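Okay, so here's the structure we're looking at.
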Amino acid sequence: MGRARMTATGWAAATIAVGIAITGCGNSGKTSAPSSKSGAVVSTPTGPPPDYSALLIQPGDVGGDFTAPEPPVLNSNNTTGVAQLFVNADNSRRIGDTILIVADPATAAAALENTKTNYAKKVTGAWQPVDVGSNGAMISGTTQDNSQAIAVLLFTEGRALVNLEFDSAPNDPIDPEIAIDVGRKQDAAVKNGLHG
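Position in the sequence shown counted from 1, then plus 1, gives you the numbering used here.
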């Protein structure tokens, strides 16, 4: 139960942010009417959405006794991207790793700012800049109900928005240097794997 909730929380926060960031972009909901000279509507097959699971770090990159107990979640909630949950042996520490792929770097940066706003409502603490990817920022504290320690590291890399959420017991927060190290490994994986 906790594992599924954690994955959904991180994905939902980032998905909401992307939705807010791209609102107003595009064609304002208008579609072209088919030509009156043609009786057929032509559509271009889109094919399956891309599988970005190769962009994810591996449990060995996280360190300790972390594993990925379930396969990555691909393209959840009509977004393009991937999410992976890592847990330690006794499930006392969880890391949610979410990568959303958007249209361009400007959209990724706007989505990052919206994600920061969403998390600021859920986590005590203040956002601090960190040297990870572009626009790197981290918040550490506890959930509003003080039920767990939480640290969130956000950054962009090109058109990717990366959200790393570290959850643990309220008296056992993640060392910020460890979170930054994991973030840098994830940044390198995105840089090496995301083309275009």
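C-beta: ideal position from N, C-alpha, C; glycine also.
All figures in this text were calculated on a predicted structure; none of them were measured in a lab.
Pairwise C-alpha distance: ASN136 and ALA110: 7 Å
Cβ neighbour criterion (16 or more within 10 Å) applied to PRO51: exposed
Contacts around TYR53, its chain only, beta-carbon distance under 7 Å, and the 5 residues preceding and following it disregarded: GLY82, VAL83, ILE100, ILE102
Beta-carbon proximity of ALA127 to LEU155, cut-off 8 Å: no
ASP98 (DSSP reduced to helix, strand or coil): strand
According to DSSP, residues forming a beta bridge with PRO73: None; PRO73 has no bridge partner.
Rounded C-alpha distance that separates ILE175 from LYS192: 25 Å
Beta-bridge pairing of SER141 - partner residues as DSSP gives them: ALA152
Nearest to GLN157 (by Cα), restricted to the options LYS122, GLU71, ALA55, VAL131: For the record, residue 157 in the displayed sequence is Thr; it is not Gln. For the residues LYS122, GLU71, ALA55, VAL131, the minimum Cα distance to THR157 belongs to VAL131.
Where the beta strand (DSSP E) through ASN92 begins and ends: Note, ASN92: premise wrong, no beta strand (DSSP E); not H, not E.
Residues bridged to LEU86 (per DSSP): GLY97
First through last residue of the alpha helix (DSSP H) which encompasses GLU111: Reading off the sequence, residue 111 comes out as Ala, not Glu. Where ALA111 is concerned, the enclosing alpha helix (DSSP H) stretches over 106-121.
Expected contact under 8 Å - CB spacing of PRO177 and ALA161 to nearest Å: Their Cβ separation, rounded to whole angstroms, is 22 Å, which puts PRO177 and ALA161 out of contact at 8 Å.
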